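Q:
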């Protein structure tokens, strides 16, 4: 965490304050997870050097960088706004330099600037993702549905989506996969856009046939003794 604070203090804070003042006149909003909450989120999923983390709408790159430093995993992020992406690129270079100086293994990080719905690399990332984060609280229903239909259906069995809003109430995806949706509590101060406590959501993806096999096995272990 001390390394992440160094990155934040050295590369990010002043530029973020400037960007937030610009956001008041912009339709493109920006928000971020606080490092302590991000730490818990990553720890809960037990990511390691074999894991793949994807952030759709990665902003200044703080969550992608934290995943790579904290877990040593491969981490990928795409951001639409050029100004936020520029901060992310500079922060990444500084983080890599700090990790090298301190002898810390940092996972590979890939940052892209562009539209997540029209990016070939994103399609590849998502098919390998173990955890995918998307701050979709400010997205309208149409955009959420497009993300679901174009991207999230490509997630593998067992992958987890962490989001700030539920994507769709139905638990069944159109490719035959199902989702287990679990709301969880946001403690006060967990996110930049709200001081109060709130809720975020875990969506775990299952191939329907594999989920039935898993449930049948559990039933045979716990209920048929």
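Numbering (this note's numbering), first residue to last: -7 to 217. Just so you know, even glycine gets a beta-carbon here, dropped at the ideal spot from N, CA and C. What you are looking at is a predicted structure, and each value in this text was computed from that prediction instead of being measured.
#1: What does the Cβ neighbour count give for residue 17, buried or exposed, with the cut at 16 atoms within 10 Å?
#2: Can you tell me where the alpha helix (DSSP H) with residue 152 in it begins and where it stops?
#3: How would you label residue 112, buried or exposed, when you count the other beta carbons within 10 angstroms and need 16 or more for buried?
#4: My understanding is that residue 68 touches residue 46, with C-beta atoms under 8 angstroms, so please give their C-beta distance in whole angstroms.
#5: In this structure, what does DSSP give as the bridge partners for residue 69?
#6: Given a cut-off of 8 angstroms on the beta-carbon distance, is the pair residue 103 and residue 84 in contact?
#7: With DSSP as the reference, label residue 195 as helix, strand or coil.
#8: Would you decide whether residue 66 is buried or exposed? Buried here means 16 or more other CB atoms lie within 10 Å of its CB.
#9: Please classify residue 123: does DSSP put it in a helix, a strand, or coil?
#10: Go ahead and pull the three-state DSSP assignment for residue 144.
#11: Classify residue 135 as helix, strand or coil using the three-state DSSP reduction.
#12: Note down the Cα distance separating residue 180 from residue 191, rounded to an integer number of angstroms.
A: Per the coordinate set shown:
#1: Because the pLDDT of residue 17 is 44, which lies under 50, any placement of that residue in the model is unreliable, and the question is left without a value.
#2: Per DSSP, residue 152 belongs to no alpha helix (DSSP H); it is in the beta strand (DSSP E), 152 to 155.
#3: exposed
#4: 5 angstroms
#5: 47 and 103
#6: yes
#7: strand
#8: buried
#9: strand
#10: The answer is helix: DSSP assigns residue 144 an H, G or I state.
#11: Note: residue 135 maps to helix in three-state DSSP.
#12: Summary for residue 180: the model assigns pLDDT 47, below 50, so the residue's position carries little reliability, and this model does not support an answer.
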